[in-house]
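Okay, so here's the structure we're looking at.
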Amino acid sequence: MNVKSLRDLDLQQQFWDYIMNRIWNLDKPECKESWEPIVFDFRKLREGIIASYWSNGDIGFAIQAFEWSVNAALKAQNFEEMFKCLRGLVDELYPLKDSAKKTYFIVLDTLYFCCYLKDMKVVINRLELMKDIDTKETKFVKKLIHCIFVSENPLKYFELYQNAPYLTYKVIMEHYHNTIRTRAIRTLRKAYLSVSLEWAKHWLGLEQEVDVVPCINKLVPCVDRVDVDRQIVYFIRSVKKKPVAVNDAQGTPTASPKMAATSAVQAAEPRTMPNSPIVSLTESSTRESAESSYARSTVNTPRQQKVPSTPSLTTRNNKVVNEPAMMTDNEKIALYEKKMRTIVDTLSSDDWN
14 MNVKSLRDLD LQQQFWDYIM NRIWNLDKPE CKESWEPIVF DFRKLREGII ASYWSNGDIG
74 FAIQAFEWSV NAALKAQNFE EMFKCLRGLV DELYPLKDSA KKTYFIVLDT LYFCCYLKDM
134 KVVINRLELM KDIDTKETKF VKKLIHCIFV SENPLKYFEL YQNAPYLTYK VIMEHYHNTI
194 RTRAIRTLRK AYLSVSLEWA KHWLGLEQEV DVVPCINKLV PCVDRVDVDR QIVYFIRSVK
254 KKPVAVNDAQ GTPTASPKMA ATSAVQAAEP RTMPNSPIVS LTESSTRESA ESSYARSTVN
314 TPRQQKVPST PSLTTRNNKV VNEPAMMTDN EKIALYEKKM RTIVDTLSSD DWN
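Residue numbers (our numbering): 14 to 366.
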């Protein structure tokens, strides 16, 4: 079957029945490779549905096909295909039939942006869509968003992961595990010189204590030693490096402003011995050239007009004038806090408690 033939509604229904029959007769439904042909068939069906303008207005059938496409892509762990299905489902089909909206897929779409793409801007927009929806799915995802973008609490995150309402939600959340674990390791290292393996296991969301050290060495190699008898892991002390100014143009370290000014003055002075005849010769030639140049500039003729000088492209600190201004640390912090306030204002206190 090709896309042209699948514009026919009867063929779409027949192809739908064919796909359903293949699903019920899968030999190994637990194997993700078994679902790849199903994902391919659903993609062909969706192309026919879109080409026929949502099956000539049969929005219910189109929604059903897209929802099953999402589930099949999840079974195959084909997240790029799942993302395409969710885009058509949440952004195009659900607005056409409000009564057919399912919070399960809306939350799944939000989880994808939150844990897979880590796109805070889209997550905030999704919160607006779920503002008036109060289900177990929306309660769960609001707590998760607050945990990831506001509190950054790894203990709460892994607690939510264990209590996720659906296994498919856990599959998406697993893509954020290494990010939250990296934050947890850096927090533990800053706060403690050593921690027990039991405590580190909870912070990293691991099932066994033997996985703690390999996990830390994989994400943030900072293990100094492990006391097997006492079950304690010791961290390498972090050495704070002094900040070094970097030249934006060449990427090389630069000196402090005071040292740079001193160097500039020294560079401007002639490198000659005191009382050297070269000094007097240089001074006299410079003075004569300046006087003659001044004399020439004061002579005006009727045809002579003053031409404005071209502005220098550099400033006193040798930075290009047209160079875009870089954000300071305070400006970055202010922008981050503004985004955090947006999320907190969107969520009520009941959403994450």
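C-beta atoms are modelled at their ideal positions from N, C-alpha and C, and glycine is treated no differently.
- The closest CA to that of valine 208, considering only Glu172, Lys115, Ile249, Leu173, is found on Ile249.
- Membership of isoleucine 146 in any beta strand (DSSP E) is not indicated, and neither H nor E is assigned to it by DSSP.
- DSSP links tyrosine 247 through a beta bridge to Ser207, Arg238.
- The beta carbon of alanine 75 is closer than 7 Å to those of Ile62, Trp67, Ser68, Leu106 in its chain, skipping five residues each way along the sequence.
- Scanning the region 117–177 from its first residue to its last, no whole beta strand (DSSP E) run of 3-plus residues comes out.
- DSSP, reduced to helix, strand and coil, places alanine 89 outside both helices and strands of the structure shown, so it counts as coil.
- When C-beta atoms of the region 120–136 are compared with those of the region 149–162, three or more pairs fall below 8 Å, so the two segments count as touching.
- In the structure shown, the three-state DSSP call for cysteine 44 is coil.
- Counted as a single uninterrupted DSSP element, the stretch harbouring arginine 20 is not any alpha helix (DSSP H), since DSSP gives it neither H nor E.
- The closest CA to that of serine 112, considering only Lys45, Thr195, Gly73, Asp242, is found on Gly73.
- Taking the Cβ atoms as the reference, serine 65 lies roughly 7 Å from leucine 22, within the contact range of under 8 Å.
- The alpha carbon of glutamate 49 has as its nearest neighbour, out of Glu187, Cys235, Phe92, Lys231, the alpha carbon of Phe92.
- Between arginine 196 and cysteine 235, the CB-CB gap reaches or exceeds 7 Å.
- By the C-beta criterion, the region 164–178 is judged to be in contact with the region 210–220, since at least 3 inter-stretch pairs fall below 8 Å.
- In summary, tyrosine 31 is exposed, with fewer than 16 beta-carbon neighbours lying within 10 Å of its beta-carbon over all protein chains present.
- Membership of valine 233 in any alpha helix (DSSP H) is not indicated, and neither H nor E is assigned to it by DSSP.
- Here cysteine 98 has Phe79, Ser82, Val83, Ala86 as same chain residues with Cβ atoms under 7 Å from its own Cβ, once five neighbours each way along the sequence are excluded.
- With a contact defined as Cβ atoms closer than 8 Å, valine 233 and isoleucine 198 qualify at about 4 Å.
- Non-local beta-carbon contacts of lysine 88 in its own chain, meaning distances under 6 Å to residues more than five positions away in sequence, involve Trp48 in chain order.
- Lysine 214 places its beta carbon less than 7 Å from that of valine 225.
- Cα atoms of methionine 143 and aspartate 40: separation of roughly 39 Å, rounded to the nearest angstrom.
- Scanning Gln90, Ile161, Lys57 for the CA closest to the CA of tyrosine 189 turns up Ile161.
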